[in-house]
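According to the numbering used here, the sequence shown is numbered sequentially starting from 3.
We treat Cβ as the ideally placed atom computed from N, Cα and C, and that holds for glycine.
Following: one structure in structure tokens, then a few remarks.
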Amino acid sequence: ASAVNKDAETRTLVVTEGGSKTELALAGGETVEFCQNGCFVTLPNGDLEALTGSETIEISGGVARIK
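Printed below as a string of structure tokens:
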């Protein structure tokens, strides 16, 4: 999966992969590849989503959308 932060400020996602949690901080304008084989991700609003690895998470206005 990949995450794109279209905001100016840093946004944080919490990635849970294989039982371990990692905070993924995305600076403004940054794109990060993660979770190639599936994982769970906690979005900035607290929602937990399951990813298969092919999605793109786009953060804009503090809101994350999965595409």
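Counting only the same chain and skipping the five closest in sequence on each side, list residues whose C-beta sits under 6 Å from that of residue i.
i, result
"Glu57", "Ala3 and Ile68"
"Gly21", "none"
"Thr14", "Glu25 and Ala27"
Return the first residue and the last residue of the beta strand (DSSP E) that residue i is part of.
i, result
"Glu35", "Thr33 to Glu35"
"Thr44", "Cys41 to Thr44"
"Ser22", "Ser22 to Leu28"
"Glu60", "Thr58 to Ser62"
"Thr73", "With the chain covering only 3 through 69, there is no way to say anything about residue 73."
Pop quiz: residue i and residue j are said to be a contact at Cβ under 8 Å. What is the actual Cβ separation, rounded to whole angstroms?
i, j, result
"Thr44", "Leu28", "Not confirmed; about 14 Å, so no contact."
"Phe36", "Val16", "Incorrect: roughly 11 Å between the Cβ atoms, too far for contact."
"Pro46", "Ile61", "7 Å"
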